[in-house]
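Note sheet for the following structure.
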Ligand code: DX5
Ligand code: ZN
């Protein structure tokens, strides 16, 4: 299993140490959560902080934009050197155009679904995206409990991807720990995002390894 630790649950007074821990861990990506106080009821961090983080990270960046009009920020995310740019389906009026713009900028395009947004909304774009991010909490905060129905959404998305021959990876974000991660692995997830379960662990690197072993 690929693991993407979410720096949102890191210690903002010593991000360097947390980034170095992720660098030395079995993580496949570093997940960065951008919030604008409009699309979600919280504000996290923006480009100046992410530029500093990018300069220290040895892991590819997985940027999750919980913002309105994410298409306005494609070039800035590209300039970070991000590998994946995740935009919310609910935030994109012209999702196909935004996915094209992300590809034109040389990044992998991820489309994210909130808990109440059906997998079926992706039927006409599943062949064009590199990744689908299923939110297993309502976006905006770390440390929330996992929404059990998310497992069924991952199963449904797996069926859609397999039936269409899409190459999209399935990523899941919110309330992920070893117990919920095991259910998601069985359902067909490829990447697990984990914030609280990693950074509140006595051994964060070990927590990443435990998820990677699923
Ligand atoms: C929530 C963010 C998540 C968050 C996950 O809106 O998208 O990436 O950091 O945190 P946990 O793993 O604590 O639910
Ligand atoms: Zn996230």
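In the working numbering, the protein residues as written are 375 to 588. From the three backbone atoms N, C-alpha and C, an ideal C-beta is built for every residue, glycine too. Note that the structure is a prediction, hence the values are computed from the model and not measured.
Could you tell me how far apart the beta carbons of residue 539 and residue 383 are, in whole angstroms, since I believe they sit closer than 8 Å? To locate residue 539, count along the chain shown from 1; it is residue 165. To locate residue 383, count along the chain shown from 1; it is residue 9. Taking a contact as a CB-CB distance under 8 Å, the pair residue 539 and residue 383 does not count as one, their CB atoms being some 36 Å apart.
Unbroken stretches of the alpha helix (DSSP H), 4 residues or longer, contained in the region 481-563: The region 481-563 is shown to contain whole alpha helix (DSSP H) runs of 4 or more residues at 524-538, 552-561, in chain order.
Give me the DSSP bridge partner(s) of residue 568. The residue you call residue 568 lines up with position 194 of the chain shown. DSSP output for residue 568 lists 379 as bridge partner(s).
Whole-angstrom C-beta distance between residue 514 and residue 414, which should lie under 8 Å: Position 40 of the chain shown, counted from the start, is the residue given in the question as residue 414. Position 140 of the chain shown, counted from the start, is the residue given in the question as residue 514. Residue 414 to residue 514, Cβ: 4 Å. Contact.
Which of the three DSSP states, helix, strand or coil, is assigned to residue 476? What you label residue 476 is simply residue 102 of the chain shown in a count that begins at 1. DSSP places residue 476 in the helix class (H, G or I) of the three-state scheme.
Indicate the three-state DSSP secondary structure (helix, strand or coil) for residue 389 in the structure shown. The residue labelled residue 389 in the question sits at position 15 within the chain shown. In this structure, residue 389 counts as helix in the three-state DSSP scheme.
In whole angstroms, what separates the C-alpha of residue 549 from that of residue 463? Residue 549 sits at position 175 when you count from the first residue of the chain shown. Residue 463 sits at position 89 when you count from the first residue of the chain shown. Whole-angstrom Cα-Cα distance: 21 Å.
DSSP beta-bridge partners of residue 396: Here residue 396 is taken as the residue at index 22 of the chain shown, counted from 1. According to DSSP, which records beta bridges pairwise, residue 396 is partnered with nothing at all.
Could you check how far apart the C-beta atoms of residue 409 and residue 402 are, in whole angstroms? I think they sit under 8 Å. On the chain shown, position 35 is the one that residue 409 refers to. On the chain shown, position 28 is the one that residue 402 refers to. Going by Cβ atoms, the distance from residue 409 to residue 402 rounds to 23 Å, so no, they are not a contact pair.
Taking the beta strand (DSSP E) that residue 453 belongs to, which residues open and close that run? Sequence index remark: in the chain shown, residue 453 carries index 79 (1-based). In the DSSP annotation of this structure, residue 453 is not part of any beta strand (DSSP E); the continuous alpha helix (DSSP H) holding it starts and ends at 448-453.
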